[in-house]
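S.K.: Quick note, the sequences are listed as chains A and B, same order.
One point on numbering: in this note's numbering, the residue at position 71 of the first sequence is 92, and numbering is uninterrupted.
One point on numbering: in this note's numbering, the residue at position 6 of the second sequence is 176, and numbering is uninterrupted.
One structure follows; several queries about it will come next.
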Amino acid sequence: MKVPFVLILPGLILATEIGYADPNSEANLAVNQAVAMQQKADSVGGEWRDTGAIIQQAQAALQKGDFNQALALAQQAKRQAELGYQQAIQNQKADFPAYLR
Amino acid sequence: MLKKLTLGIGLALSVTNIALADLKEDIRRFQHYFFTKFPQVPKMEYVNGVYAIDPVGRENWQAMEEFPPYDPFIDQGKQMWETPFANGKKYTDCFPEGPAQRKNYPHWDKKRAMVITMELAINECRTANGEKPFNYEKGPLAILTAYMANASRGQIIDVKVPKNDAKALEAYQQGKQLWFSRRGQLNFSCANCHAQNVGRLLRSDILSPALGHAASWPVYRSTWGELGTLHRRFHGCNEQVRAKPFELQSAEYRNLEYFLTAMNNGLKFNGPSSRK
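What follows is the structure, encoded as structure tokens:
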């Protein structure tokens, strides 16, 4: 059965729109989000040791045009910063634990 | 009006009493934990760090103490202490009591509403006299404090948290909170290593008791191959648990020193010292 081209065309356009994201802007966004989260973690004293270095690596990868690497590193840094923030908040009332009572 | 005032004073007094009771109770709990954990260790031995609880390490350390690696620095520090600044003044103009200053630090400065450490006071003395401040990690500051600590040996640790100063209590609480906070990717607090797991092995090292930790600075660590300050150690510990360290002599570390030294109240200062 022949499907008329006019019927296939909208489907093709839609599929391209959904599946395609500019890797440059995606990586850029991820790096910016990682930096913002790092600052949030630092504001409560919860930043981890390597988060800043990972962000620097992500920025270097971005400059080299290695967007996949930049994205992966930025996501790793963001996750670290999220966990560091949560950790600091959870420990805001840290006090003598049960074993020291 | 009078009723309100009386109520207010009453509340303030009760807050102060709670605070005082807490400090005493904190010290009791803290020290009692180690006394129970290591009943064979005399209280005053804790100033020797891990060598109070590690007999094998102690033998090596005692052999090293026959010719202590920090000894030459005491003489150098004395020279520094006696050398006038470019303006002709000396350290004694800032510290009229002389070099035996350990017993006075850390202390709460009510006017400035902050904890003052000996290292901070030294650098403030220098800048007030037109000299450049020292690096807080090692080098000349550690050398000068080696001399001052040596002159202070035997002084009793007696950190005070003023009764009537909410900010002092807050600084103490912040120091306490930091000491008990899990930090970094490894999710360790100071307490996890130096209280909960004290005496256990971390790789090839026995974890030292926190009781005594504030007594022996500066320390010549074989790992460093030089003298270093207490805040350098704080910084290093934070890095080891993969937390971003704070600045040396930051409010965070000064408050931490305030709490930790208070927990050591009753012990004697015995710096400088040597460690593995």
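Note that the Cβ used here is the ideal one computed from N, Cα and C, for glycine as well.
Computed from a prediction, not measured in an experiment: that's the story for all the values here.
What are the complete beta strand (DSSP E) segments, minimum 3 residues, inside the segment 283-337 of chain B?
M.R.: Fully enclosed beta strand (DSSP E) runs of 3 or longer: 284-286.
S.K.: Check the Cβ of residue 413 of chain B against every Cβ in chain A and list those closer than 7 Å, keeping chain order.
M.R.: Within 7 Å Cβ-Cβ: 69 and 70.
S.K.: Please identify the residue among B:446, B:192 and B:438 whose C-alpha is closest to the C-alpha of residue 319 of chain B.
M.R.: Of the candidates B:446, B:192 and B:438, the one whose C-alpha sits nearest the C-alpha of residue 319 of chain B is B:438.
S.K.: Using the beta-carbon of each residue, which ones in chain A are nearer than 8 Å to residue 205 of chain B?
M.R.: Within chain A, no residue comes near residue 205 of chain B; the closest Cβ sits about 12 Å away, beyond 8 Å.
S.K.: Taking 7 Å as the limit between beta carbons, can you name the residues of its chain near residue 269 of chain B, skipping five residues before and five after?
M.R.: Excluding residues within five positions, the ones whose Cβ falls inside 7 Å are 251, 317, 318 and 321.
S.K.: Based on Cα-Cα distance, which residue from B:369, B:238, B:340 and B:302 lies nearest to residue 219 of chain B?
M.R.: Residue 219 of chain B has its Cα closest to that of B:369, out of B:369, B:238, B:340 and B:302.
S.K.: Between the Cα of residue 76 of chain A and those of A:91, A:65, A:116 and A:62, spot the shortest distance and give me the residue it belongs to.
M.R.: That would be A:91, whose Cα lies nearest to the Cα of residue 76 of chain A.
S.K.: Under 7 Å, Cβ to Cβ, is there at least one residue of chain B near residue 37 of chain A?
M.R.: Here the model assigns residue 37 of chain A a pLDDT of 49, short of 50, so the residue's position is not dependable, and the following value carries that caveat. Output row for residue 37 of chain A: interface = no.
S.K.: When you compare the CB of residue 364 of chain B with every CB in chain A, is at least one pair closer than 7 Å?
M.R.: For residue 364 of chain B, the answer is no, since every Cβ of chain A falls outside 7 Å of its Cβ.
S.K.: Out of curiosity, what's the CA-to-CA distance linking residue 217 of chain B and residue 296 of chain B?
M.R.: Their backbone Cα atoms lie some 30 Å apart in a straight line.
S.K.: What does residue 359 of chain B pair with, by DSSP beta-bridge criteria?
M.R.: Paired residues: none, contrary to the question.
S.K.: Alpha carbons only, please: which of B:259, B:410, B:342 and B:405 is nearest the one belonging to residue 373 of chain B?
M.R.: The shortest C-alpha separation from residue 373 of chain B is found at B:410.
S.K.: Kindly say whether residue 98 of chain A, judged by its beta-carbon, lies nearer than 7 Å to any beta-carbon of chain B.
M.R.: No, residue 98 of chain A lies away from the interface with chain B (no Cβ there is under 7 Å from its Cβ).
S.K.: Using a Cβ-Cβ distance under 7 Å, would residue 121 of chain A count as near chain B?
M.R.: Yes, residue 121 of chain A counts as interfacial toward chain B.
S.K.: Within 7 Å of any Cβ in chain B, is that where the Cβ of residue 45 of chain A sits?
M.R.: No, residue 45 of chain A lies away from the interface with chain B (no Cβ there is under 7 Å from its Cβ).
S.K.: In three-state terms, what does DSSP make of residue 85 of chain A?
M.R.: In the structure shown, residue 85 of chain A sits in a helix (DSSP, three-state: H, G or I).
S.K.: Starting from residue 261 of chain B, follow the alpha helix (DSSP H) in both directions and report where the run begins and ends.
M.R.: 261-264 is the span of the alpha helix (DSSP H), which, as asked, contains residue 261 of chain B.
S.K.: Grab me the residues of residue 360 of chain B's own chain with a C-beta within less than 6 Å of its C-beta, minus the 5 sequence neighbours each way, in chain order.
M.R.: Closer than 6 Å at the Cβ level, and outside the excluded window around residue 360 of chain B, lie 349.
S.K.: Kindly indicate which three-state DSSP category residue 372 of chain B falls into: helix, strand or coil?
M.R.: Of the three classes helix, strand and coil, the one that applies to residue 372 of chain B here is strand, per DSSP.
S.K.: Suppose you measure from the CA of residue 357 of chain B to the CA of residue 425 of chain B; what does that come to, to the nearest Å?
M.R.: The straight-line gap from Cα to Cα measures roughly 21 Å.
S.K.: With DSSP as the reference, please indicate the residues paired to residue 396 of chain B in a beta bridge.
M.R.: B:391, per the DSSP bridge assignment.
S.K.: Out of B:244, B:199 and B:224, point me to the one whose CA is closest to residue 446 of chain B's CA.
M.R.: For the residues B:244, B:199 and B:224, the minimum Cα distance to residue 446 of chain B belongs to B:224.
S.K.: Taking 7 Å as the threshold (C-beta atoms), are residue 323 of chain B and residue 440 of chain B in contact?
M.R.: For residue 440 of chain B and residue 323 of chain B, yes; Cβs fall inside 7 Å.
S.K.: Kindly list the residues whose CB is nearer than 6 Å to the CB of residue 387 of chain B, restricted to its own chain and excluding five residues on each side of it in sequence; keep chain order.
M.R.: Hits under 6 Å: 400 and 441.
S.K.: Whose Cβ in chain A lies nearer than 8 Å to the Cβ of residue 357 of chain B?
M.R.: What residue 357 of chain B touches in chain A: 108.
S.K.: Whose CA, out of A:97, A:65 and A:93, lies closest to the CA of residue 111 of chain A?
M.R.: Per the Cα distances, A:65.
S.K.: Please confirm if residue 117 of chain A has its CB atom under 7 Å from at least one CB of chain B.
M.R.: Yes, because at least one Cβ of chain B sits closer than 7 Å to the Cβ of residue 117 of chain A.
S.K.: Grab the span of the beta strand (DSSP E) containing residue 279 of chain B for me, first residue to last.
M.R.: Per DSSP, residue 279 of chain B belongs to the beta strand (DSSP E) from 277-279.
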